[in-house]
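Take a look at the structure below.
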Amino acid sequence: MLSRLAAPRTGGMLALAVVIALLPLVLSNKYFYDIAVLVGLNAIVCVGLNLLIGYAGQISLGHAGFFGAGAYGSAILASRYGWPPLAAMLATTLAVAALAFLVGRPILRLKGHYLAMATLGLGIIIFMVITTEDRFTGGPDGISVVPLSIGGFVLQGERLWYWVVGALLLLAVWLALNLIESPAGRALRALHSSEVGAEVVGINAAEHKLMVFVISAVFASIAGSLAAHYSGFVTPGKAAFLHSIELVTMVVFGGMASTFGAVVGAAVLTTLPQLLTVFEDYEMMVFGAVMMGTMIFLPRGVVPSVARLFRARRREPADHAETRR
Amino acid sequence: MNLLRVEGLSKKFGGVNAVEDLSFDIRPGSVYSIIGPNGAGKTTLLNLLTGVYQPSAGSIALGDHDLTGRAPYEYARQGIARTFQNLQVFFNMSALENVMVGRYMQERCGLASALLRTPRLARAERACREEAAELLCYVGLQDYLSAGADAMPYGALKRLEIARALATKPRLMLLDEPAAGLNPTEALELDGLIGRLTGRGVTVVLVEHNMRLVMGVSDHILVLDYGRKLAEGPALAVRNNPKVIEAYLGSSAAQDASIGEAIAGAVTMAAEMHR
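Have a look at this one:
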């Protein structure tokens, strides 16, 4: 029983659920709830992106493009064309999945820096389309979005959104953990380590890379749609290169190939700038210093490094026993 | 009926013919060894036989299936498994998970059931874990059941690759220098392991410099030199073939009476130096 709780799937899910359930005790006002919702939305993107970067070992510097596409797709269909928000979200998600599939096929043949360049290009194209097609998107000024309504029920207010995003984050984490522990997830980790080693046991590496690219794009798109409805307004900044970099940074900071690391990375890097406002003019400098310090002292990212530290401490007494014998 | 049929196989790298117009058949249930000096094209040939390289000319067929020009995973799905001279272990996983990856083809499931972890998948996963553990024991890695691959010594990693290849339930298993880097005891244990593989109905292709191992287990030997077939036949006949001796030792040695032994010694020596 205890060992089952210590396993990442059950234990980690339980811990995350408890944190989400108890967090409102310290969220004393709307502003804190707002930050928590932003953390949750970023975490959903990062959990998906971590499947691609951390587990399958494929970089993407264009995921803000998918986030932006999700946000604008929902905004345009629901607000300009009056679609029911859920139908708009579903159609947008399918369209983004199709886009990721079509673009992923050719670009996932590339590796390392070349894949980074290609995904960067993809993100920039999406950003340019959003800023220039102002008939639909409102251009650089952005576009206002109707609130999310399901049937007659309108989802509004930070507190309600907090619970919805919290539940969706749990769902995203659950799906990601399931995938990683499945044959397909092992195939992803295998091709990360040795692509030829994976192929010779019958794994079609290209197909798996494409699959995880589409999944991560879908996670980003859904988070984008939710973000648009939540804030009631989208600007092209959500699809910009800088946002892509932020997302990748969250994944690396929290710890690659760790689903909970992605959540922690999103939480820390979303809240840190808010906490650092006390440094006023030096805010960004301190932010940079924290990032550099973390990568120097916890090079595997926060969660894997800390987990390693704990394991090493627990193993130590056993090692001593061995040497004595 | 032959298990593997290779006809007119060639591979050019720029102007170099790494493998040139090679034809041979492998009978099921045998141990078929490929030997030759360094740079003779042995590893290139294995890469061709698993789809890692595409041939410049010629054809490869397993049973009735023509596999020429196919991707490595398609070779695997027809029942060809292999190990690597330069290890291709998944160092980001445990030993057990490495073998579980080998079970991919039997366990493959839809994306939806993977994401939702259906009860059927959960059961299949438990069975997969048990079978992987059995295979680890089978190759003698019972001490590494809970070890991470990155914490295992070289000799154990070589066996881990064999266990992973076996997990694919292959008809044909290609071993690329399994004895290289092993100590004499570990190398001796390989004889038994290869014997047990054929006992399981797996046909083995062995690329190896360790002549003691090759002469001990092989039914049939193919000798390569500069990418061409120098000799082929039953182990004993090849061992005493003057052309083979010449390739290894030069022409004067071919006149020596006890050349068979000489080759064995020289080749082992060459292999040691190569290491």
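So the sequence lines, in the order shown, correspond to chains A and B.
In case it helps, our numbering puts the first sequence at residues 2 to 326.
In case it helps, our numbering puts the second sequence at residues 986 to 1260.
Even glycine gets a Cβ: it sits at the ideal position worked out from N, Cα and C.
6 Å Cβ shell around A79 (chain A) - same chain, five flanking residues per side excluded
P86, A89, V147
Straight-line CA distance for S1008 (chain B) to V991 (chain B)?
5 Å
For D1204 (chain B), which residues from the same chain have a beta carbon less than 6 Å from its beta carbon, with the 5 sequence-adjacent residues on both sides left out?
S1015, V1016
For chain A, check one thing: does any of its Cβ atoms lie closer than 8 Å to the Cβ of E1082 (chain B)?
yes
Threshold first: 3 residues or longer. Then list the beta strand (DSSP E) segments lying entirely within the stretch 1160-1230 of chain B, N to C.
1188-1192, 1205-1210, 1213-1219
Using beta carbons (cut-off 8 Å, strictly below), is Q1127 (chain B) in contact with chain A?
no
Mind pulling the chain A residues with CB within less than 7 Å of Y1058 (chain B)?
E200, G203, I204, N205
Buried or exposed, going by whether 16 or more other CB atoms sit within 10 Å of the CB of R309 (chain A)?
exposed
For G113 (chain A) and V235 (chain A), the rounded distance between their alpha carbons:
32 Å
Please compile the residues from chain B whose C-beta is within a distance smaller than 9 Å of the C-beta of N51 (chain A).
None at all; the shortest Cβ gap to chain B is about 14 Å.
What is the residue span of the beta strand (DSSP E) that E134 (chain A) lies within?
Neither: E134 (chain A) is in no beta strand (DSSP E) and is coded neither H nor E.
Kindly indicate the opening and closing residues of the alpha helix (DSSP H) around V1084 (chain B).
1080-1087
Residues of the stretch 1087-1106 of chain B with a CB closer than 7 Å to any CB of chain A: list them in chain order, please.
G1087, Y1089, M1090, E1092, R1093, C1094, L1096, A1099, L1100, L1101, R1102, L1106
Inter-residue Cα distance where the pair is L169 (chain A) and L1157 (chain B)
47 Å
At what residues does the beta strand (DSSP E) containing G1043 (chain B) begin and finish?
1042-1047
Would you list the residues sitting across from A1066 (chain B) in a DSSP beta bridge?
B:M1158
Only counting the same chain, and skipping five residues up and downstream in sequence, which positions put a Cβ closer than 6 Å to that of L176 (chain A)?
none
Of all Cβ atoms in chain B, is any one closer than 8 Å to the Cβ of M212 (chain A)?
yes
Since A188 (chain A) meets chain B, which of its residues come closer than 8 Å, beta carbon to beta carbon?
V1086, Y1089
Express the C-alpha separation of M986 (chain B) and E1193 (chain B) in angstroms, rounding to a whole number.
26 Å
Where the alpha helix (DSSP H) containing K210 (chain A) begins and where it ends:
206-232
At least 3 beta-carbon pairs within less than 8 Å: the stretch 1100-1117 of chain B vs the stretch 208-215 of chain A:
no
What number of angstroms, rounded off, separates the C-alpha of P1040 (chain B) from the C-alpha of P1057 (chain B)?
13 Å
Taking DSSP as the reference, what is the three-state secondary structure of K112 (chain A)?
coil
Three-way DSSP call (helix, strand, coil) for G993 (chain B) in this model:
strand
Quick check on S150 (chain A): does DSSP put it in helix, strand or coil?
strand
Only counting the same chain, and skipping five residues up and downstream in sequence, which positions put a Cβ closer than 6 Å to that of L1047 (chain B)?
L989, Q1063
In or out: V252 (chain A) buried (at least 16 other Cβ within 10 Å) or exposed?
buried
Check whether the stretch 1116-1129 of chain B touches the stretch 1142-1157 of chain B, taking contact to mean three or more Cβ pairs, one atom from each stretch, closer than 8 Å.
yes
Inspect the beta-carbon positions of L1130 (chain B) and L1182 (chain B) and report whether they are closer than 8 Å.
no
Give the DSSP-derived three-state secondary structure of A1239 (chain B) in the structure shown.
Bear in mind that the predicted position of A1239 (chain B) carries a pLDDT of just 47, short of 50, making it too unreliable to give a figure here.
Between R1062 (chain B) and chain C, is any beta-carbon pair separated by less than 8 Å?
Absent here is chain C; the protein component of the structure consists of chains A and B.
Looking only at its chain, what residues have a beta carbon closer than 8 Å to the beta carbon of G993 (chain B), apart from the 5 residues adjacent to it on each side?
D1006, L1007, S1008, A1042, G1043, S1044
Out of A:A229, A:A267, A:S61, which one is the CA nearest neighbour of V215 (chain A)?
A:S61
At which residues does the beta strand (DSSP E) containing N1032 (chain B) begin and terminate?
Taken as a continuous stretch (DSSP letters only), N1032 (chain B) belongs to no beta strand (DSSP E), being part of the alpha helix (DSSP H) at 1027-1034.
Which residues of chain A have a Cβ atom closer than 9 Å to the Cβ of F1076 (chain B), listed in chain order?
S194, S195
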